[in-house]
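As structure tokens, the structure follows; a few thoughts come after it.
Residue numbers (the numbering used here), protein chains in the order written: chain R, 1 to 358; chain H, 1 to 166.
See the structure below:
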């Protein structure tokens with residue numbers, strides 16, 4: 001057993017060193033481009049990584065300009081449903097022709113163009129071409145679907161294991177059950193209250209594991225960044241906003257529009273502030289998750305990029321060590337952000353359900 | 001901010017809402033409800049088991065206390081009974097003694113009375129017999145004394161003498 005582990009470690013080391021050499025050789029070839037070119041490329045790579053994409057690229061060979069991965073379906077609504085494979089774009093290099101319409105990928109967005117793929121710009125260098133309604137199954141959608149499937153099977157198996165094993169979880173459930181209990185006992189009950197927490201449990205559990213698993217998926221070399229996407233965090237925050245305000249009781253609205261226990265003048269002043277707070281709370285949820293995950297990805301990728309910038313025996317390992325330490329920190333942040341999102345959601349639900357006690 | 005709005009993809013938002021709400025509903029039906037139910041059932045079971053264990057412990061304690069109490073009572077009763085028996089024995093002995101004493105006294109008194117009466121009777125009898133005997137002896141003596149005429153005269157004379165003297 002131990003011998004196997006040693007062999008594995010040696011294998012990993014040799015792999016790391018050989019790939020390191022490969023990259024080094026590549027860097028030497030690029031030497032004539034200069035530091036600026038490499039920096040530009042790293043920045044571009046990071047930018048590209050942070051954004052959603054229409055195909056699932058596992059890795060790219062920039063030398064040969066080859067991308068390894070698989071295309072995903074593009075679904076557009078442009079006077080009728082248009083479904084085609086993203087391979088038609090050839091990673092933005094060619095114009096895709098569907099039913100006599102032409103579409104081009106420009107800065108990770110689909111624009112309607114003419115047959116030659118002309119993009120028109122305004123004075124601020126923004127594309128002015130028409131953008132069709134885009135419901136494509138992008139990389140992020142695929143990641144979400146994968147995580148959803150994974151979650152469904154994991155928690156379904158946990159639920160089943162209770163029946164089979166007389167109330168005691170088996171397998172992966174032994175790891176998941178304490179987390180479920182943690183959310184119930186340390187997030188839901190203290191924030192919402194013993195009597196009302198039950199109706200929010202499904203949301204809290206789903207959102208916690210959804211965010212956490214997607215954050216963890218973002219740590220893999222697959223290069224997905226779902227929770228660092230503003231559309232995703234906006235959707236989550238919107239759901240929190242809707243649940244909070246749709247389940248709120250009279251006392252909650254009373255506190256917003258006619259704060260009890262303060263002079264009438266203050267009531268008038270407080271009402272707009274409180275009303276603003278209703279929107280700011282979910283908005284902060286959206287920005288917090290987005291900013292934390294994006295920042296984590298940017299910093300981590302920048303430090304990994306530094307390995308290739310330094311190209312020497314001191315800077316490289318130093319950057320590697322830094323990236324390694326930061327990765328561990330990011331693993332913590334992945335769980336922490338999921339926890340904070342769930343915790344604050346529970347807090348808002350609790351506020352919406354608070355009974356008058358003055 | 002402009003970059004954020006520019007980055008916002010309605011398609012992704014649409015899919016996210018769809019997937020998340022779908023996942024939420026599916027998990028609620030197939031996972032969260034059974035999981036939370038199973039967990040709370042188990043917790044309920046554990047709570048009940050602990051409670052019944054506590055109850056059994058208390059009952060055990062009660063039983064032990066009862067046993068102790070019963071034992072003590074029995075011991076006290078035994079002691080009481082022994083004491084009573086001793087008392088009874090002593091009483092009986094004392095009673096018997098006094099009764100025996102009384103009986104003995106009575107018997108003795110009776111015996112004494114009998115003896116006294118017997119003695120009286122015997123004395124009376126003896127007196128009678130002595131009197132009889134004395135009379136007989138006197139008769140015989142008199143007969144013998146007065147067997148001659150001279151003697152009879154002598155006697156009459158002495159007697160007469162006595163009378164005159166008187």
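A virtual CB, placed ideally from N, CA and C, is assigned to each residue, including glycine.
Counting only runs of at least 4 residues, the region 210-247 of chain R fully encloses the following alpha helix (DSSP H) elements, listed from N- to C-terminal order: 230-246.
Excluding residues up to 5 positions away in sequence, 210, 213, 214, 217 lie with their Cβ nearer than 7 Å to the Cβ of residue 147/R in the same chain.
Between residue 132/R and residue 78/R, the alpha-carbon positions lie close to 5 Å from each other. In the DSSP assignment, residue 55/R falls outside any alpha helix (DSSP H) and within the unbroken beta strand (DSSP E) covering 55-61. Excluding residues up to 5 positions away in sequence, 82, 84 lie with their Cβ nearer than 7 Å to the Cβ of residue 98/R in the same chain.
Residue nearest to residue 333/R within the set 264/R, 316/R, 291/R is 291/R (criterion: CA-CA distance). In this model, residue 44/H and residue 11/H are separated by some 46 Å (Cα to Cα). Of all residues in the region 137-159 of chain R, those with a C-beta nearer than 8 Å to a C-beta of chain H are 137, 138, 140, 141, 144, 145, 148, 151, 152, 155, 156, 158, 159, reading in chain order. Annotation: Cβ neighbours of residue 162/R in chain H (cutoff 9 Å, chain order): 34, 35, 37, 38, 39, 41, 42. Burial check for residue 226/R: the Cβ neighbour count within 10 Å reaches 16 or more, so the residue is buried. Excluding five sequence positions before and after residue 208/R, the CB atoms of its chain that fall closer than 6 Å to its own CB belong to 183, 338, 342, given in chain order. With its beta carbon at least 8 Å from every one in chain H, residue 224/R lies outside the interface.
In summary, the residues of the region 2-16 of chain H whose CB is separated from some CB of chain R by less than 8 Å are 4, 7, 8, 9, 10, 11, 12, 13, 14, 15, 16, in the order they occur in the chain. Within the model, the alpha-carbon separation for residue 316/R versus residue 66/R is close to 27 Å. In the three-state scheme derived from DSSP, where H, G and I count as helix and E and B as strand, residue 26/H is classed as helix. In this chain, residue 189/R is not harboured by any beta strand (DSSP E); it is covered by the alpha helix (DSSP H) spanning 189-192. Assignment of beta-bridge partners to residue 85/R by DSSP yields 73/R.
In this structure residue 322/R does not touch residue 340/R by the C-beta definition: roughly 25 Å separates them, more than the 8 Å allowed. If you draw a straight line from the Cα of residue 268/R to the Cα of residue 260/R, it is about 11 Å long.
In the structure shown, residue 146/H adopts coil according to DSSP, grouped into three states.
Counting only runs of at least 4 residues, the region 53-131 of chain H fully encloses no alpha helix (DSSP H) element at all.
For residue 110/R, same chain residues with a beta-carbon under 6 Å away, outside a window of 5 residues either side, are 103, 134 in chain order.
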